[in-house]
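Below is one structure, written out as structure tokens; the observations come after it.
Protein chains: 2
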Amino acid sequence: MMKATVYVTIKENVLDPQGTAVQGALHSMGFAEVGKVRIGKYLEVELDTNDRAEAEARLKVMCEKLLANTVVEDYRFELEG
Amino acid sequence: MMKATVYVTIKENVLDPQGTAVQGALHSMGFAEVGKVRIGKYLEVELDTNDRAEAEARLKVMCEKLLANTVVEDYRFELEG
Chain G
1 MMKATVYVTI
11 KENVLDPQGT
21 AVQGALHSMG
31 FAEVGKVRIG
41 KYLEVELDTN
51 DRAEAEARLK
61 VMCEKLLANT
71 VVEDYRFELE
81 G
Chain B
101 MMKATVYVTI
111 KENVLDPQGT
121 AVQGALHSMG
131 FAEVGKVRIG
141 KYLEVELDTN
151 DRAEAEARLK
161 VMCEKLLANT
171 VVEDYRFELE
181 G
């Protein structure tokens, strides 16, 4: 059993309206020190395998095909266990 | 200027229907090795301050008041810079 942590973030040059909304909300709550806010996804995935290389290769396919929209998002992952 | 990374995750004993949906989608795509999937949020926040202790204290308030719903979500953050 391995555990993967996947981070999906919006590409640097793509607008993040959700982040902008959160930034505005924090400003209006008095947190004037808040600058740019970017919001992404964080996934924890359990994988029933012990083959690290195969897990990495298949996780890459999962990210490309389902977990991330690679047109506007980047992803990275960590494997443990 | 400091940079905070905030992770907001659903508490262990709270159902995550989005994670269950992603798990089902991955299974139907042939990724039978996928076990439990939990989905959370990942935020990058720029803070215009150099006072680490104050930044931590204020970030905690931001999380409690806006970024996380502490009834059903946990949060943690890292500060750098």
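Chains as they are written, first to last, in the working numbering: chain G, 1 to 81; chain B, 101 to 181.
Where a beta carbon is used, it is the ideal one built from N, C-alpha and C, also for glycine.
Contact list for the segment 130 to 158 of chain B against chain G, Cβ threshold 7 Å: Phe131, Glu133, Val134, Gly135, Lys136, Val137, Arg138, Ile139, Gly140, Lys141, Tyr142, Leu143, Glu144, Val145, Glu146, Leu147, Asp148, Thr149 and Arg158
Cβ of Val114 (chain B) within 9 Å of any chain G Cβ: no
Val71 (chain G), DSSP secondary structure in three states: coil
Three-way DSSP call (helix, strand, coil) for Thr49 (chain G) in this model: coil
Exposure label - Val14 (chain G); buried when at least 16 CB within 10 Å: exposed
C-beta neighbour in chain G for Thr120 (chain B), strict 9 Å: no
Nearest residue (CA-CA) to Pro17 (chain G), options G:Met2, G:Glu73 and G:Ile39: G:Ile39
Any beta strand (DSSP E) of 3 or more consecutive residues that is wholly inside the segment 11 to 49 of chain G: 34 to 47
Closer than 9 Å to chain B by CB, Ala68 (chain G): no
Bridge partner(s) assigned by DSSP for Arg76 (chain G): G:Tyr7
Proximity below 9 Å, CB of Val22 (chain G) to CB of Val37 (chain G): yes
Member of G:Phe31, G:Val34 and G:Tyr42 whose CA lies at the smallest distance from the CA of Glu73 (chain G): G:Tyr42
Per DSSP, the bridge partner or partners of Met2 (chain G): G:Leu47
Beta-carbon separation (whole angstroms), Lys103 (chain B) vs Glu146 (chain B), contact threshold 8 Å: 6 Å
Inter-residue spacing [alpha-carbon to alpha-carbon] between Tyr175 (chain B) and Val108 (chain B): 4 Å
Proximity winner among B:Thr149, B:Gly124, B:Leu159 and B:Phe177, relative to Leu66 (chain G) (alpha-carbon distances): B:Gly124
Asn150 (chain B) to Ser28 (chain G) span [Cα, whole Å]: 21 Å
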